[in-house]
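Following: one structure in structure tokens, then a few remarks.
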Amino acid sequence: MTLPNIQTNRANLNNYGSGSYLASDVTVLLDIVDKDAVADVPVSQKEALIQSGQRHYSDMLTLEQAPTAMHEELYQQALAQGGKRAATDIARLAHTLHHVFCHDVSDEHPLVLISLVRAGLPIGVLLQRALSDTDSSYHLPSIHYGISIIRDRGLDPVALQMLLDAYPNSPIVFVDGWTGKGAIYKELARSLETFSDPIHTSFANIFHQGADVIPLLTLADPAGVAWLAASAEDWLIPSGLLNSTVSGLISRSLYTEPSSGLHRSVFYEDLIDADHSLAFIDHVDAARRSLTMLPEHLPTYQQPRYQTAALIDALATDYDITNRNRIKPTIAEATRAILRRDPERILLATAAHPDTALLRHLCAQRGITIEVLGDKIHPYQAITLIKQRAKDS
């Protein structure tokens, strides 16, 4: 792999933006391109190109539209319903990070939070706010960046190397919103293999918890692959219901060959009036600061447990699916798949669970089949099966 000759120090990183977040919240290491320079591919056409192998999903975008009034209403309900839980989970995660790293970091060598764009961004921003809170018991020197990871193509190696150059003596923790099947965990692990030799100069930055431990943190970990997670439940994480308008107005990332620079993204300037990114952060962060109970330590795991692998295998058999990428578990992934992909059907654990209201609304709008399977899909509340547009391979 050939990387561009980029000599990075911390000052150089200030040249990158933060989307619609505050500069103190995050620096996003993406090459922001104009949306007019990106082909706007309709969902059905994109699906056929992806499944036939003619194009990779990270080479195309279906440009986002503003959420509908019903979508907005359901997001607000989710925020009212789950805001305090998110705040409590963030406090517990921050408390655990403080416990693990308080003796290993300093203002000069802060903990480096690397959020995986996009779902990790809101969670990383909330964690950065929590760790920066000098009035809390878990204050910890930290800095937060967002970089791209793409299934089948990996973590952006250019962005990662920039951070390793700028923070050579800092531990790194990767942040995502939730886990579905564990595919992004595997992609992350594969991308980090080159650093896994103990004699590698950056080994200690990444493998600070052990030679085989990928330091991935998530808010929810149904798949059982994270090193640290607030829970293993599939619950209605409010930020999982929206796309760019809760993720700094940043699009899903587009692949760039490492020799050509950073992965690319579009900034949706036309959606500014619909943006909830900062409001979401402010709402949950205020709830965290109002908590009165001392947060508890969370467990950490040295190895992935792959708690749902057998379930995914069973679903693939039951629905004659050989390409596991067509299976999108968790409320968040199931919702995003309906908005961005071409779904065949939705599997629900419960017919009328409040956490799946948006999913059921979208299904009614588009005439998508719903099957209620109860505990058969536990621990997931919802799973979207993508429509087959080409022969699975």
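Sequential numbering of the sequence shown, starting at 1, is according to full-length UniProt numbering. Don't be surprised by glycine CBs; every beta carbon is placed ideally from N, CA and C.
Output the distance between the C-alpha atoms of ALA78 and LEU241, rounded to the nearest integer angstrom. Here residue 78 refers to the residue found at position 78 when the sequence shown is read from its first residue. Here residue 241 refers to the residue found at position 241 when the sequence shown is read from its first residue. C-alpha separation (whole angstroms): 8 Å.
How is LEU214 classed by DSSP in three states: helix, strand or coil? Stepping through the sequence shown from its first residue, residue 214 is reached at position 214. Residue identity check: residue 214 is Ile in the sequence provided, not Leu. ILE214 falls in the coil class under three-state DSSP.
What number of angstroms, rounded off, separates the C-alpha of GLY154 from the C-alpha of LEU93? Along the sequence shown, one-based indexing puts residue 154 at 154. Along the sequence shown, one-based indexing puts residue 93 at 93. The alpha-carbon atoms of GLY154 and LEU93 are separated by roughly 26 Å.
Candidates ALA159, HIS103, THR96 and GLY19: closest to PRO122 by CA position: As a working mapping, residue 122 is identified with position 122 in the sequence shown. The shortest C-alpha to C-alpha distance from PRO122 to any of ALA159, HIS103, THR96 and GLY19 is the one to GLY19.
Give the single residue among LEU63, GLY82, ALA23 and GLY53 whose Cα lies nearest to the Cα of VAL41. Residue numbering aside, residue 41 sits at position 41 when the sequence shown is read from its first letter. Here the closest residue by C-alpha is LEU63.
Would SER253 be called buried (16 or more neighbouring beta carbons within 10 Å of its own) or exposed? Numbered from 1 along the sequence shown, position 253 holds the residue referred to as residue 253. Buried, since its Cβ has 16 or more Cβ neighbours within 10 Å.
Using the three-state DSSP reduction, which class does SER18 fall into: helix, strand or coil? For the purposes of this step, residue 18 is identified with residue 18 of the sequence shown, where counting begins at 1. In the structure shown, SER18 sits in coil (DSSP, three-state: anything other than H, G, I, E or B).
Alpha helix (DSSP H) runs contained entirely in the stretch 276-321, provided each spans 4 or more residues: You should have 277-289 and 309-318.
Could you check whether the stretch 300-307 touches the stretch 315-325, counting it as contact only if at least three pairs of C-beta atoms, one from each stretch, sit closer than 8 Å? Contact between the stretch 300-307 and the stretch 315-325 is absent, because fewer than three Cβ pairs lie under 8 Å.
Would you identify the three-state DSSP class for LYS186, choosing helix, strand or coil? Residue numbering aside, residue 186 sits at position 186 when the sequence shown is read from its first letter. In this structure, LYS186 counts as helix in the three-state DSSP scheme.
Nearest CA to the CA of ASP375: which residue from PRO354, ILE386 and LEU348? Counting from 1 along the sequence shown, the entry for residue 375 is found at position 375. The shortest Cα separation from ASP375 among PRO354, ILE386 and LEU348 belongs to LEU348.
Reduced DSSP secondary structure (H/G/I, E/B, other) of SER115: Counted from its first residue, the sequence shown places residue 115 at position 115. Strand at SER115.
By the three-class DSSP mapping on this structure, what secondary structure does PRO258 have? Within the sequence shown, numbered from 1, the residue matching residue 258 stands at position 258. It is helical.
Using 8 Å as the cut-off, can you tell me whether the stretch 380-388 makes contact with the stretch 324-333, which would need three or more C-beta pairs spanning the two stretches below that distance? The answer is yes - the stretch 324-333 touches the stretch 380-388, with three or more Cβ pairs under 8 Å.
If you check the beta carbons only, do ALA170 and HIS109 fall under 8 Å apart? Residue numbering aside, residue 170 sits at position 170 when the sequence shown is read from its first letter. Residue numbering aside, residue 109 sits at position 109 when the sequence shown is read from its first letter. In the sequence as presented, Ala is not what sits at residue 170; that position holds Ser. Remark: C-beta atoms of SER170 and HIS109 approach each other more closely than 8 Å.
LYS181 - containing alpha helix (DSSP H), residue span: As a position in the sequence shown, residue 181 is number 181, starting the count at 1. Premise fails: LYS181 is in no alpha helix (DSSP H) and is neither H nor E.
Whose C-alpha, out of VAL213, LEU116, LYS387 and LEU163, is nearest the C-alpha of ILE250? If you number the sequence shown from 1, residue 250 lands on position 250. Answer by Cα proximity: LEU116.
CA-CA distance, ARG258 and GLY120? Position 258 of the sequence shown, counted from the first residue, corresponds to residue 258. Position 120 of the sequence shown, counted from the first residue, corresponds to residue 120. A quick correction: the sequence has Pro, not Arg, at residue 258. In a straight line, the C-alpha of PRO258 is about 22 Å away from that of GLY120.
Is it right to say ASP392 is buried, meaning 16 or more other beta carbons lie within 10 angstroms of its own, or is it exposed? Residue numbering aside, residue 392 sits at position 392 when the sequence shown is read from its first letter. Any reading at ASP392 must be qualified, since the residue scores a pLDDT of 46, below 50, and its modelled position is unreliable; the value itself is stated next. ASP392 sits exposed, since fewer than 16 C-beta atoms from the chains shown fall within 10 Å of its C-beta.
Rounded to whole angstroms, what is the Cα-Cα separation between ASP36 and PHE267? For this step, residue 36 is matched to residue 36 along the sequence shown. For this step, residue 267 is matched to residue 267 along the sequence shown. Cα to Cα, ASP36 sits roughly 11 Å from PHE267.
Distance CB(THR335)-CB(LEU359) smaller than 8 Å: For the purposes of this step, residue 335 is taken as residue 335 along the sequence shown, with counting starting at 1. For the purposes of this step, residue 359 is taken as residue 359 along the sequence shown, with counting starting at 1. Yes. Within cutoff.
Report yes if the CB atom of VAL284 is closer than 8 Å to the CB atom of ALA86, and no otherwise. Locating residue 284 in the sequence shown gives position 284, where the first residue counts as 1. Locating residue 86 in the sequence shown gives position 86, where the first residue counts as 1. Taking a C-beta distance under 8 Å as the contact criterion, VAL284 and ALA86 qualify as a contact pair.
Would you say ILE386 and GLU333 are within 8 Å of each other, going by their C-beta atoms? Indexing the sequence shown from 1 puts residue 386 at position 386. Indexing the sequence shown from 1 puts residue 333 at position 333. The Cβ-Cβ distance between ILE386 and GLU333 does not fall below 8 Å.
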